[in-house]
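K.L.:
Numbering-wise (my numbering), the sequence shown opens with residue 40 and increments by one. Don't be surprised by glycine CBs; every beta carbon is placed ideally from N, CA and C.
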Amino acid sequence: MDGAMQMETRMTNHSQTIQNQFDPQAQAYLLSTVHAAGEDLARAAAIVAAAIPCETGKLLDVGCGAGHLSFAVSPHLSRVVAADPSPGMLDAVRQGADDRGQTIEAVRASAGDLPFDEGAFCVVASRYSAHHWLGLEAAMREMRRVVKTGGYLLMIDVLGDEDDLVNTHLQTMELLRDRSHIRNLKASQWRALIGASGFQLVEEAAYRLPLEFSSWVGRMRTSPQRIGMIRTLEDEAPAEVREALKISADGSFELQTGLFWARAV
Ligand SMILES: C[S@@+](CC[C@H](N)C(=O)[O-])C[C@H]1O[C@@H](n2cnc3c(N)ncnc32)[C@H](O)[C@@H]1O
């Protein structure tokens, strides 16, 4: 990194960091197999298809990224709105929807400030995004505001580890890889936050997510210095951490994702 880039990095606030990290990477996320498939995505589509939560069948996907959650649920709903602060991601959603013959409305918005009326949606959803949100509690209140009472929250995110030793290593690896990382909540923290935000948990599931090291850092254009720090952290991690995260010789590892389906009460 040259001096000018270092200065730019130091001067950015969190929302600029989000845009710098994600905007140029929209195509990589559109093509990413980690994001385009997965048991969680299949379960999300099945839950939404079975629930038919209200007559208008309208879902909001917050932090839609390149749109994989929106694409998966769209066939089961009358209307899907995909929201993200990154214009590049929204273009990728429009492209992906066109390729699939789907109609998805792409709207520029952040989770903490959703430009929709109270009770405008039957389902408010998010996948693999909340660990970037500054002001997560306020964002959850905002998601509750835009969903009808009796509607649903579908929250999917990478989880923190319930064991603090493992968790500290995991969060540090995440932050070194991606400067826009804030925190992977533990499943226990998600349950508490969902309850405190006006939702009642109906279903919960956890999945293992294997992450191949070079594509994991490639998607975020992690610098060689930071890659070196992650590898050192992995190499020097205690046995419990290496075992829990299933760290391999090439740096690949596994984490857990959580799916939470909750009713708005
Ligand atoms: C990994 S991508 C999302 C993947 C996508 N949901 C999927 O299922 O493939 C994370 C996204 O969260 C978005 N994001 C970050 N901070 C956000 C915020 N405060 N509100 C909404 N979206 C945010 C980023 O712009 C990025 O597009």
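1) Going by the CB atoms, is the gap between residue 279 and residue 192 shorter than 8 Å?
2) Near ligand 1, which residues have their beta-carbon closer than 5 Å to a heavy atom?
3) Taking the C-alpha atoms as reference points, what is the distance between residue 290 and residue 304?
4) Output the distance between the C-alpha atoms of residue 130 and residue 277, rounded to the nearest integer angstrom.
5) May I ask you to report which of helix, strand or coil DSSP gives residue 215?
6) Return the CA-CA distance between residue 258 and residue 298, expressed in angstroms with no decimal places.
7) Ordered along the chain, which non-local residues of its own chain (more than five positions away) have a Cβ less than 6 Å from that of residue 101?
8) In whole angstroms, what is the alpha-carbon distance linking residue 180 and residue 232?
9) Taking its Cβ as the centre, do 16 or more other Cβ atoms sit within 10 Å of residue 313, making it buried, or is it exposed?
10) How big is the Cα-Cα spacing for residue 152 and residue 178?
11) Looking at residue 293: is its Cβ nearer than 8 Å to the Cβ of residue 248?
12) Measuring CB to CB, does residue 59 end up less than 8 Å from residue 51?
13) Quick one: what's residue 306 bridged to in DSSP?
14) In whole angstroms, what separates the C-alpha of residue 296 from that of residue 224?
15) Taking the straight line between their C-alpha atoms, what separation do you get for residue 154 and residue 147?
16) Please work out which residues of its chain come closer than 6 Å, Cβ to Cβ, to residue 266, disregarding the five sequence neighbours upstream and downstream, and give them in chain order.
17) Output the boundary residues of the alpha helix (DSSP H) element that contains residue 5.
18) Please report how far the alpha carbon of residue 89 lies from the alpha carbon of residue 241, in whole angstroms.
19) With respect to the beta strand (DSSP E) encompassing residue 144, which residues constitute its N-terminal and C-terminal limits?
20) Should residue 127 and residue 161 be called a contact, given that it needs their Cβ atoms to be closer than 8 Å?
P.N.:
Based on what the coordinates show:
1) no
2) 57, 61, 74, 102, 104, 107, 108, 123, 125, 128, 149, 150, 166, 167, 168, 171, 172
3) 43 Å
4) 43 Å
5) helix
6) 23 Å
7) 122, 150, 165
8) 10 Å
9) Nothing about residue 313 can be read from this structure; the chain reaches only from 40 to 304.
10) 7 Å
11) yes
12) yes
13) Outside the modelled stretch of the chain, which goes from 40 to 304, sits residue 306, for which no answer is possible.
14) 10 Å
15) 9 Å
16) 256
17) Since the displayed the chain opens at 40 and closes at 304, residue 5 lies outside it and no answer follows.
18) 13 Å
19) 143-147
20) no
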